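Using our numbering, read the sequence shown as starting at 51 and increasing by one per residue.
Cβ coordinates follow ideal geometry from the N, Cα and C atoms, glycine included.
Since this is a predicted model, take the numbers as computed values, not measurements.
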Amino acid sequence: MMRSSLTALVLGLCSHGVLAQGSIGPSVTTVEVFANSATVVRPPFRQPGYVLKVYRVDAMAQLEQQLNAGLPKNEADAMAYMRQHEGEIRRRYKDQITNAASGMTLAVQYRLDRLPAIVINRAKVIYGVADVDRAIELDMSFQSAVVEASHNPLL
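Structure below.
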């Protein structure tokens with residue numbers, strides 16, 4: 051009876067986001083969201099107590115489209131424009147290019163095979179969810195179910 055009451059309490063806390071905020075249970079230190087530009091990513095409801103990074107895996111293609119849109123149609127003129135404005139372009143897009151390259155590198159490192167994907171503490175992947183709080187709740191619910199199952203003598 052005591053164990054089932056405790057399980058109900060833990061699952062109830064998960065569903066209300068208490069565990070997701072790190073007040074009880076294993077703490078979340080890093081959340082990385084991998085999505086394309088068409089996906090609406092829902093950030094945490096409250097200010098997170100962890101590092102949150104959002105990577106748009108199609109960001110390089112988006113940047114290329116933006117750059118190409120402003121170039122002259124003639125190749126020689128386009129090359130001259132790029133040489134003349136290279137410094138400005140680098141400064142303007144540096145952070146976006148760095149984020150896009152980091153996201154692609156990490157997606158390969160984590161072996162992500164679909165989007166959206168949320169990686170928690172660089173170890174656990176939640177697929178198909180673009181809501182950060184919901185992904186953390188799912189992870190915490192899974193962890194509590196595993197702990198409960200490991201304490202069950204019938205399993």
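Taking 8 Å as the limit between beta carbons, can you name the residues of its chain near residue 110, skipping five residues before and five after?
The beta carbon of residue 110 lies closer than 8 Å to those of 147, 150, 151 and 154 in the same chain, with the five residues before and after it left out.
How would you call residue 105, buried or exposed, if buried means at least 16 neighbouring beta carbons within 10 angstroms?
buried
Within the continuous alpha helix (DSSP H) that includes residue 80, where are the two ends?
It is not in any alpha helix (DSSP H) - residue 80 instead sits in the beta strand (DSSP E) that spans 80-85.
From what residue to what residue does the beta strand (DSSP E) around residue 103 run?
101-106
Apart from the five residues on each side of it in sequence, which residues of its chain come closer than 8 Å, Cβ to Cβ, to residue 164?
177 and 178
What distance in whole Å lies between the Cβ atoms of residue 157 and residue 84, which are believed to be in contact at a cut-off of 8 Å?
Between residue 157 and residue 84 the Cβ distance is about 5 Å, and since that is below 8 Å, they are a contact.
Would you give the residue range spanned by the beta strand (DSSP E) that residue 169 belongs to?
167-170
Return helix, strand or coil for residue 182, following the three-state DSSP convention.
helix
Using the rule of at least 16 other Cβ atoms within 10 Å of the residue's Cβ for burial, across every protein chain shown, is residue 166 buried or exposed?
buried
Can you say whether residue 145 is buried or exposed, counting buried as having 16 or more other CB atoms within 10 angstroms of its CB?
exposed
Taking the alpha-carbon positions, what's the residue 82 to residue 119 distance?
Going by the C-alpha atoms only, they are around 30 Å apart.
Let's test the definition: count the other Cβ atoms within 10 Å of the Cβ of residue 181 and tell me whether it reaches 16, buried, or not, exposed.
buried
Which residues does DSSP list as the beta-bridge partners of residue 131?
Residue 131 pairs with nothing; no bridge assigned.
Could you tell me how far apart the beta carbons of residue 207 and residue 171 are, in whole angstroms, since I believe they sit closer than 8 Å?
Only positions 51 to 205 of the chain appear in this structure, which leaves residue 207 out of reach.
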